[in-house]
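Reading through the structure tokens given below for one structure.
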Ligand SMILES: *[C@@H]1O[C@H](CO)[C@@H](O)[C@H](O)[C@H]1NC(C)=O
Ligand SMILES: *[C@@H]1O[C@H](CO)[C@@H](O)[C@H](O)[C@H]1NC(C)=O
Ligand SMILES: *[C@@H]1O[C@H](CO)[C@@H](O)[C@H](O)[C@H]1NC(C)=O
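In our numbering, the protein residues as written are 34 to 421.
Structural data, given as structure tokens:
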């Protein structure tokens, strides 16, 4: 009896600590039982590339998935951000890869494939356009229109287009860059329109990371210590500047169209520039891989890649994907953060927002004062480190 009491007390304490540990998110509360669909590239790939390719892919091998003892085709040492968002939405199963036969897609699926692009014809992958077509093909057999309309469509795409462009056009001038950004963002608009035509109405668009700060980019372009490759950061910025206004226009001209934009660019920049405040101590090289920034070859059979000891101190697990610890943080931010991080709504808000109703607020460019406010807010926090 006394033992039981002690056990209850320990469990109670554990519960309290767990709640404090997740200051933003209380999972599942008043969230309708809808689905989460993801589209895009390796960041959201839940195993599609592994299914599509004939050969072996690195993400099918240790140390990918190491925190779960399960290299299941995700590019992380464990779960990825959409897994956490799904959990916070109260979805009881992991969102499966749509291209794997006979998976349970009742609460959503990942259509994202590593190496995906908006333009071009990616090898052993799918463009966003092809992913949307897959979704449309699977629709009738799996989800009804009302369910799709209420569900969340989370998209992260474009990084591979800009990496490829920069590699093939190292001397591109400003006007060539602008022209490319315009063709990429126009294609994105087109594909989002296509998803809307298939019945989707709630869109969560993650803007592009500062691509020039990826360890693989620092390594490939020999940027030296502490430097990001600014040309790629610039392209990402130009791309990101177009996303909010483009979606505002779609929401104003398309009945029932709802969206929000997750400012992933600044989430990564803040963790890179003020890494101590975020306890992301190592931001310029990866946890797993070889090379000057440990950025190449994680998981490949013929590479004796280095694996770091403390994954949770690293912003990046491999040359271009974040550690599970960071993915969990992004999941929290997507689901519950303030408008300085995701605007005009977070996932919790967009999923509870009535369907067919026009949005009350639209995306606005971040002013520097908004950034300062965010900083004041977090530095006054009693947690002692920044969360946003
Ligand atoms: C699919 O998953 C849902 C939970 O999301 C569950 O209720 C249902 O029974 C599962 N279906 C099958 C066939 O396993
Ligand atoms: C990469 O760039 C080349 C040259 O511009 C282009 O031909 C190719 O289609 C691009 N690949 C992808 C996957 O976008
Ligand atoms: C990463 O940054 C740290 C601290 O600024 C620096 O000491 C280190 O040399 C950098 N590493 C690389 C590979 O650039």
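Cβ atoms here follow ideal geometry from the backbone N, Cα and C, with glycine treated the same way.
Computed from a predicted structure; not experimentally measured.
Contact the segment 162-176 vs the segment 235-249: 3+ CB pairs below 8 Å:
no
Report all residues from its chain with a CB closer than 6 Å to the CB of residue 162; omit the five preceding and five following residues, and keep chain order.
Within the same chain, residue 162 has close Cβ partners 224.
Can you tell me whether residue 286 is buried or exposed, with buried defined as 16 or more other CB within 10 angstroms of its CB?
exposed
Quick check: the Cα distance between residue 237 and residue 375, rounded to an integer number of angstroms?
9 Å
Hey, which residues come within less than 6 Å of ligand 3, measuring from Cβ to any heavy atom, in chain order?
258, 259, 317, 318, 325 and 326
How many Å lie between residue 366 and residue 239 at the Cα?
11 Å
Out of 231, 194 and 229, state which residue places its alpha-carbon closest to the alpha-carbon of residue 213.
194
What are the boundary residues of the alpha helix (DSSP H) that residue 277 is part of?
263-286
Just the residues with CB closer than 5 Å to a heavy atom of ligand 2, in chain order, which are they?
My final list is 150, 153, 155, 197 and 201.
With hydrogens ignored, establish whether the beta-carbon of residue 135 is closer than 7 Å to any heavy atom of ligand 1.
No, the Cβ of residue 135 stays beyond 7 Å of every heavy atom of ligand 1.
Within the same chain, show all residues whose beta-carbon is closer than 8 Å to that of residue 298, passing over the 5 residues directly before and after it, in chain order.
When the five nearest sequence neighbours on each side are left out, the beta carbons in the same chain lying within less than 8 Å of the beta carbon of residue 298 are those of 240, 241, 242, 243, 269, 270 and 273, in order along the chain.
Check whether the Cβ atoms of residue 339 and residue 352 sit closer than 8 Å, and answer yes or no.
no
Reducing DSSP to helix, strand and coil, say where residue 209 ends up.
Helix, per DSSP.
Quick check: is any heavy atom of ligand 1 less than 7 Å from the C-beta of residue 115?
no
Buried or exposed: where does residue 314 fall if 16 or more other Cβ atoms within 10 Å of its Cβ makes it buried?
Residue 314 should be labelled exposed.
Does the distance from the C-beta atom of residue 143 to that of residue 71 stay below 8 Å?
yes
What is the C-beta distance between residue 284 and residue 395, in whole angstroms, given that I count them as a contact (C-beta under 8 Å)?
Separation of the CB atoms of residue 284 and residue 395 is rounded to 7 Å, and the pair is thereby assigned contact status at 8 Å.
Rounded C-beta distance between residue 388 and residue 289? I'm assuming under 8 Å.
In this structure residue 388 is in contact with residue 289, their Cβ atoms being roughly 6 Å apart against a cut-off of 8 Å.
Can you list, in chain order, the residues of its chain with a C-beta nearer than 8 Å to that of residue 148? Leave out the 5 residues immediately preceding and following it.
74, 75, 82, 155, 156, 157, 158 and 193
What did DSSP end up calling residue 108 once you bin it into helix, strand or coil?
coil
For residue 360, the first and last residue of its enclosing alpha helix (DSSP H):
357-369
Whole angstroms is fine: what's the gap from residue 292's alpha carbon to residue 355's?
Whole-angstrom Cα-Cα distance: 25 Å.
Between which two residues does the alpha helix (DSSP H) containing residue 11 stretch?
The displayed coordinates of the chain run from 34 to 421. Any statement about residue 11 would go beyond what the structure contains.
Please go through the same chain and pick out, in chain order, the residues whose beta-carbon is closer than 6 Å to the beta-carbon of residue 117, but skip the five residues on each side of it.
361 and 364
Candidates 169, 207, 179 and 146: which alpha carbon is nearest residue 189's?
Just measuring C-alpha positions, the residue of 169, 207, 179 and 146 sitting nearest residue 189 is 146.
Residue range of the alpha helix (DSSP H) that residue 385 falls in?
380-385
For residue 294 and residue 139, what's the separation of their Cα atoms in angstroms?
Taking the CA atoms as reference points, residue 294 sits about 26 Å from residue 139.
Taking the Cβ atom as the reference point for each residue, do residue 357 and residue 317 lie within a distance shorter than 8 Å?
Not a contact, by the Cβ cut-off of 8 Å.
Cα-Cα separation between residue 153 and residue 85, rounded to whole angstroms:
Whole-angstrom Cα-Cα distance: 18 Å.
If you measure from the CB of residue 126, is any heavy atom of ligand 1 nearer than 7 Å?
Indeed, a heavy atom of ligand 1 lies less than 7 Å from the Cβ.
Kindly indicate which three-state DSSP category residue 172 falls into: helix, strand or coil?
Here residue 172 sits in helix by DSSP.
For residue 251, which option in 88, 328 and 151 has the closest C-alpha, if you only look at C-alpha atoms?
328
Please determine, among 254, 216, 119 and 384, the residue with the shortest C-alpha to C-alpha distance to residue 199.
Closest option to residue 199, Cα to Cα, is 254.
For a minimum of 3 consecutive residues, which ranges assigned as the beta strand (DSSP E) are wholly contained in the segment 58-127?
69-73
Reference residue 266, options 277, 210, 219 and 228, closest by Cα:
Taking only the C-alpha atoms, the option nearest residue 266 is 210.
Among 110, 165 and 109, whose alpha-carbon lies nearest the alpha-carbon of residue 132?
165
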